[in-house]
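The structure appears right after this line, and notes come after that.
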Amino acid sequence: MKNRHWNNTIWGTVAWIAGLVFVFPVIWMVLTSFKQEQDAASNPPAWTFAPTLAQYGQVFDRNITPFLLNSLMASVFSTLLVVLLATPAAYALSLRPVAKWTDTLFFFISTKMMPAVAALLPIYLLVKHLGMLDNIWTMVVLYTSMNLPLAVWMMRSFLLEVPREVLEAGEVDGASLITSIRKIIMPIVSPGLAATALICFIFAWNEFFLAVNLTATNAGTSPIFLVGFISSEGLFLARLCAAATIVSLPVLIAGWVAQNKLVRGLSMGAVK
Numbered sequence: 000m001k002n003r004h005w006n007n008t009i010w011g012t013v014a015w016i017a018g019l020v021f022v023f024p025v026i027w028m029v030l031t032s033f034k035q036e037q038d039a040a041s042n043p044p045a046w047t048f049a050p051t052l053a054q055y056g057q058v059f060d061r062n063i064t065p066f067l068l069n070s071l072m073a074s075v076f077s078t079l080l081v082v083l084l085a086t087p088a089a090y091a092l093s094l095r096p097v098a099k100w101t102d103t104l105f106f107f108i109s110t111k112m113m114p115a116v117a118a119l120l121p122i123y124l125l126v127k128h129l130g131m132l133d134n135i136w137t138m139v140v141l142y143t144s145m146n147l148p149l150a151v152w153m154m155r156s157f158l159l160e161v162p163r164e165v166l167e168a169g170e171v172d173g174a175s176l177i178t179s180i181r182k183i184i185m186p187i188v189s190p191g192l193a194a195t196a197l198i199c200f201i202f203a204w205n206e207f208f209l210a211v212n213l214t215a216t217n218a219g220t221s222p223i224f225l226v227g228f229i230s231s232e233g234l235f236l237a238r239l240c241a242a243a244t245i246v247s248l249p250v251l252i253a254g255w256v257a258q259n260k261l262v263r264g265l266s267m268g269a270v271k
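Structure below.
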């Protein structure tokens, strides 16, 4: 019992150290955002400084709000579309397998094997031909297609955890397909659904490559806004950290709100 206690203490300490190592860059970013530029650029780093909100004021003076709204709109709508499309697809590939379902699964994941830069030129030409450059709905469609394969695979793994006996009992009681999905399947896989939605939201929110090539002033997202702080005049480190902190907040808040379902969802099927 004593050895077990020490093992738990040691591994708990290791976990805390690892967690601090991973979160330290975020903590440093937040601290830097409250510095003056001369303190942020000092070498060695200035550990003591007079906190200021000046950098946040300058970020909002540069009109960050439209970029945040564009990111929010593209991320939320694409995530909703991904969930609506991935759930029935995963259902057909797990609980009610279609013919040659393994080929279908491979087709979904094979779309993630091509580097984004390889697909950029045809996507750019197609979007330009349709007159959809610098359009937020273009980003919604692209983010949906980008996250859909991952969501299908994740949702399939969660749906496989639904006991077949429960579905059969529902069918015996006369439950229709829609009723079974709404009252039996969804409550069971809701943690997995939340985990899938949150991951898709994070990927869409952080996406940069497509946004920087297909948007300009009207549909620019928050990562595009951050690039504006790297200019020929130099790197405004404190201001960049303030902007990065603001941009990171929606994802951090979403993760904090959904943390219980996220942990349950990502651990579904890990322990039988």
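In numbering that gives the first Met the number 0, the protein residues as written are 0 to 271. Glycine is no exception: its CB is placed at the ideal position from the N, C-alpha and C atoms. The structure displayed is predicted, hence computed values, not measured ones.
Item: For F224 and G56, the rounded distance between their alpha carbons; Value: 15 Å
Item: Integer-rounded CB distance, given that A203 should sit under 8 Å from A118; Value: Not quite, the Cβ-Cβ distance comes to about 17 Å (not below 8 Å), so this is no contact.
Item: Contact the stretch 235-242 vs the stretch 46-64: 3+ CB pairs below 8 Å; Value: yes
Item: C-alpha distance - W100 paired with T86, whole-angstrom precision; Value: 15 Å
Item: Spatial distance of V270 from L209 (CA atoms); Value: Its pLDDT being 44, under 50, V270 is placed unreliably by the model, and nothing is read from it.
Item: Where K34 falls, given that 16 or more other Cβ within 10 Å makes a residue buried; Value: buried
Item: Buried/exposed call for F228, threshold 16 Cβ in 10 Å; Value: buried
Item: Close Cβ partners of A45 (< 6 Å) along its chain, the five nearest in sequence each way excluded; Value: D38
Item: Pairwise C-alpha distance: W5 and A91; Value: 48 Å
Item: For V161, the three-state DSSP class (helix, strand or coil); Value: coil
Item: P121 versus R163: straight-line alpha-carbon distance, rounded; Value: 44 Å
Item: Distance between T12 and V139 (C-alpha atoms, nearest Å); Value: 43 Å
Item: Between the CA atoms of F59 and S93 - distance to the nearest angstrom; Value: 48 Å
Item: At least 3 beta-carbon pairs within less than 8 Å: the stretch 142-153 vs the stretch 102-116; Value: yes
Item: For A14, three-class secondary structure by DSSP; Value: helix
Item: Cα-Cα separation between I201 and L79, rounded to whole angstroms; Value: 13 Å
Item: Completely contained beta strand (DSSP E) runs for the stretch 48-98, where each covers 3 or more residues; Value: none
Item: With 16 other Cβ atoms within 10 Å as the buried cut-off, status of P96; Value: exposed
Item: Local Cβ density within 10 Å of G130, reported as buried at 16 or more and exposed below that; Value: exposed
Item: Cα-Cα separation between V272 and L141, rounded to whole angstroms; Value: There is no way to answer for residue 272, as the model of the chain reaches only from 0 to 271.
Item: Cβ neighbours of L176 in the same chain (closer than 6 Å, five flanking residues each side left out); Value: none
Item: Cβ separation of V29 and T244, assumed to be a contact under 8 Å, to the nearest whole Å; Value: 5 Å
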